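Student: Just add 26 to the spot in the sequence shown (first one is 1) and you have the working numbering.
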Amino acid sequence: MLITGGAGFIGSNFVHHVIEHTDHHVTVLDKLTYAGNLASLDGLPDDRLTFVKGDICDATLVDELVAGADAVVHYAAESHNDNSLDDPRPFLDTNIIGTYTLLEAVRRHTKRFHHISTDEVYGDLELDDPNRFTEATPYNPSSPYSSTKAGSDLLVRAWVRSFGVKATISNCSNNYGPYQHVEKFIPRQITNVLRGERPKLYGAGLNVRDWIHADDHSSAVLTILEKGVIGETYLIGADGEKNNKEVVELILTQLGQPADAYDHVTDRPGHDLRYAIDSSKLRDELGWQPRYTDFSAGLAATIDWYRDNEAWWAPQKDATEARYAAQGQ
27 MLITGGAGFI
37 GSNFVHHVIE
47 HTDHHVTVLD
57 KLTYAGNLAS
67 LDGLPDDRLT
77 FVKGDICDAT
87 LVDELVAGAD
97 AVVHYAAESH
107 NDNSLDDPRP
117 FLDTNIIGTY
127 TLLEAVRRHT
137 KRFHHISTDE
147 VYGDLELDDP
157 NRFTEATPYN
167 PSSPYSSTKA
177 GSDLLVRAWV
187 RSFGVKATIS
197 NCSNNYGPYQ
207 HVEKFIPRQI
217 TNVLRGERPK
227 LYGAGLNVRD
237 WIHADDHSSA
247 VLTILEKGVI
257 GETYLIGADG
267 EKNNKEVVEL
277 ILTQLGQPAD
287 AYDHVTDRPG
297 HDLRYAIDSS
307 KLRDELGWQP
317 RYTDFSAGLA
327 ATIDWYRDNE
337 AWWAPQKDAT
347 EARYAAQGQ
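1) Can you give me the start and stop residues for the beta strand (DSSP E) that N109 sits inside?
2) Name the residue from E90, R134, S169 whose alpha carbon lies nearest to the alpha carbon of N107.
3) So what does DSSP say about A97, is it helix, strand or coil?
4) Mapping the DSSP letters down to three states, classify N121 as helix, strand or coil.
5) Between the region 256 to 269 and the region 188 to 205, do three or more beta carbon pairs fall short of 8 Å?
6) Rounded to the nearest angstrom, what separates V356 and D334 at their Cα positions?
7) Between the region 217 to 237 and the region 270 to 287, do three or more beta carbon pairs fall short of 8 Å?
8) Based on Cα-Cα distance, which residue from W331, G80, H297 lies nearest to L220?
9) How close, in whole Å, do the beta carbons of L181 and Y126 come, if the pair is a contact with beta carbons under 8 Å?
10) Which residue comes first and which comes last in the alpha helix (DSSP H) that contains K340?
11) Could you have a look at N166 and say whether DSSP puts it in helix, strand or coil?
12) Identify whether A193 lies in helix, strand or coil by the three-state DSSP scheme.
13) For V274, count the other beta carbons within 10 Å of its own beta carbon; 16 or more makes it buried, fewer makes it exposed. Which is it?
14) So, helix, strand or coil for K307, using DSSP?
15) Starting from the N-terminal side, write out each stretch of the alpha helix (DSSP H) that is 4 residues or longer and does not extend beyond the region 201 to 234.
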């Protein structure tokens with residue numbers, strides 16, 4: 027199995043999951059940008075894992091690696107909304123051109139392909155909307171990040187229809203868990219509190235996200251690879267809707283701090299109100315179920331991981347906070 031972006035947050039969790047739950051050999055292709063970290067793959071057996079540093083836009087390298095794989099799972103992406111607002115170009119390069127490069131390789135070599143995407147391609151929902159995103163929800167992306175992910179999804183669909191590529195797509199809600207870069211919402215707040223600093227909350231903190239533990243995302247992707255219907259899209263979610271204020275207050279409470287010990291910062295431009303996933307197709311047709319159905323328990327396990335792995339996140343922390351401070355966030 028070739029896994030792109032396998033040294034990133036969600037990708038590295040998938041690598042751990044595959045090696046623990048299958049007998050597959052894994053090759054990881056990762057550019058090791060700021061969001062990739064080889065330490066996220068520490069402890070995995072050398073005879074089951076091969077790491078290749080490289081760019082998914084490198085057609086020669088991609089062709090060589092795809093030729094030697096049975097299946098390709100495409101996690102590699104530029105994925106941070108704030109960064110996409112500051113400089114959209116890397117998002118076009120990686121999310122559009124990189125996906126195209128992989129699709130052409132799997133087309134030449136007739137390989138199984140699974141494309142990892144996001145619920146952000148659907149835009150957002152009103153806070154009081156009774157509906158959730160489904161596979162039939164029209165695309166309505168609102169940032170350079172989500173628009174390039176939407177574009178990559180459409181490329182995959184076109185390559186399935188036009189060229190017969192054996193591909194599936196999954197759109198997942200917000201992930202949390204081990205190995206997530208401290209620029210992201212939950213690890214940023216956890217590591218702030220662990221350092222004796224106050225968490226930061228965009229605006230009033232009423233924006234809602236549908237949280238899923240990264241290990242549940244991994245098990246869903248493996249299920250789709252094994253049982254999914256070629257050409258189909260599956261939404262992955264664990265019914266974990268929480269607004270950002272609730273999440274910050276829960277982090278503070280679980281770390282023994284007053285629930286209101288946080289600061290408000292300027293809201294992000296175009297900040298989506300609410301994401302909510304209906305994953306009934308994945309559950310009903312493929313039999314998948316999440317393990318972490320209690321967000322509070324999953325968050326507690328995540329806090330424990332960051333408390334126990336400061337050596338992993340500390341080198342990233344100062345630079346991340348300096349960048350946010352320069353942006354007034």
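Where is the CB? At the ideal position from N, CA and C, for every residue including glycine.
Here the structure is a predicted model, which is why all the values come from computation and not from measurement.
Tutor: By the coordinates alone:
1) Taking the sequence shown and counting its residues from 1, one reaches residue 109 at position 83. First-last for N109: 107 to 112, but that is the alpha helix (DSSP H), not the beta strand (DSSP E).
2) Counting from one through the sequence shown, the residue named residue 107 turns up at place 81. Restricting attention to E90, R134, S169, the CA atom closest to the CA of N107 is found in S169.
3) Walking along the sequence shown from the start, residue 97 turns up at place 71. Reduced to three states, the DSSP call for A97 is strand.
4) As a first step, residue 121 is located in the sequence shown; it is residue number 95 there, counting from the start. N121 falls in the helix class under three-state DSSP.
5) The region 256 to 269 is in contact with the region 188 to 205.
6) Since the first residue of the chain shown is 27 and the last is 355, residue 356 is not available in this structure.
7) Counting Cβ pairs under 8 Å, three or more are found: they touch.
8) Within the sequence shown, numbered from 1, the residue matching residue 220 stands at position 194. In terms of Cα proximity to L220, the closest of W331, G80, H297 is W331.
9) As a working note, residue 181 is residue 155 in the sequence shown. As a working note, residue 126 is residue 100 in the sequence shown. Separation of the CB atoms of L181 and Y126 is rounded to 6 Å, and the pair is thereby assigned contact status at 8 Å.
10) Translated into positions along the sequence shown, residue 340 becomes position 314. Note that residue 340 corresponds to Ala in the displayed sequence, not to Lys. A340 -> alpha helix (DSSP H) spans 336 to 352.
11) Counted from its first residue, the sequence shown places residue 166 at position 140. In the structure shown, the three-state DSSP call for N166 is coil.
12) Locating residue 193 in the sequence shown gives position 167, counting from the first residue. Residue state, collapsed to three classes: strand.
13) Translated into positions along the sequence shown, residue 274 becomes position 248. Counting C-beta atoms within 10 angstroms of its own C-beta, V274 has 16 or more neighbours from the protein chains shown and is therefore classed as buried.
14) Here residue 307 refers to the residue found at position 281 of the sequence shown. DSSP places K307 within a helical segment (H, G or I) once states are collapsed to three.
15) Taking only runs of at least 4 residues, the alpha helix (DSSP H) segments lying wholly in the region 201 to 234 are 211 to 220.
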